[in-house]
Structures are given as C-alpha cells and as structure tokens.
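Numbering (the numbering used here), first residue to last: 25 to 111.
Glycine included, every Cβ here is placed at the ideal spot set by N, Cα and C.
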C-alpha cells in the first residue's frame, strides 16, 4: 500500500474538495441558466491542483506515471484557463 505523507494527504483532500465544488458550481450555473464562466475557471484550477498533487506523489514514490499525469493535468488546466480568458 502506498504511504501518504502529510503534504500528499493535504493536497489530495484539497483537490477532492475543489472537484466537488466545481461540480456544484457547474450544476448551479446550469440551473440558473447562466453562461459557464466561473465553472470553467474552477475546472482549470482543479486540474492544476491535480497536477500539483501528482508532482508531490512523484516526489514520494518516484514513479514515472505520476509525472506523466502531472504534466497532462497541468497542460489541461493551463489551456482551459487560457481559453476562458482569451474568449
């Protein structure tokens, strides 16, 4: 079983809470028939948080899979934020 240190556990909790809040904001914007602006910002930030969590996981486990996921999450998050602010 994978050992979690305190930083990795904190980032996992923060990422999970951010994802839940993102889903809530998406649902609220859908119910209120508003344009999805804040939900896209939160989605980009959530992906960036997931990337940071994977970087911390990589530092603890040294698995290549973690750094590949971190790069993927960070690219998705940054592209999402760039697209929403250049629209």
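Counted as a single uninterrupted DSSP element, the alpha helix (DSSP H) harbouring residue 34 occupies residues 30 to 55. The alpha-carbon separation between residue 32 and residue 85 amounts to approximately 11 Å. Considering only 87, 58 and 68, the residue with the shortest C-alpha distance to residue 39 is 68. For residue 71, the enclosing alpha helix (DSSP H) starts and ends at 62 to 85. In the structure shown, residue 89 falls within a helical segment according to DSSP collapsed to helix, strand and coil. Contact annotation: the segment 52 to 67 does not touch the segment 76 to 83, with fewer than three C-beta pairs closer than 8 Å. With a cutoff of 8 Å on beta-carbon distance, residue 73 and residue 42 are scored as near each other.
With respect to residue 36, residue 77 sits close: the two C-beta atoms are nearer than 8 Å. Around residue 99, the same chain offers no residue with a beta carbon nearer than 6 Å, after the five sequence neighbours per side are excluded.
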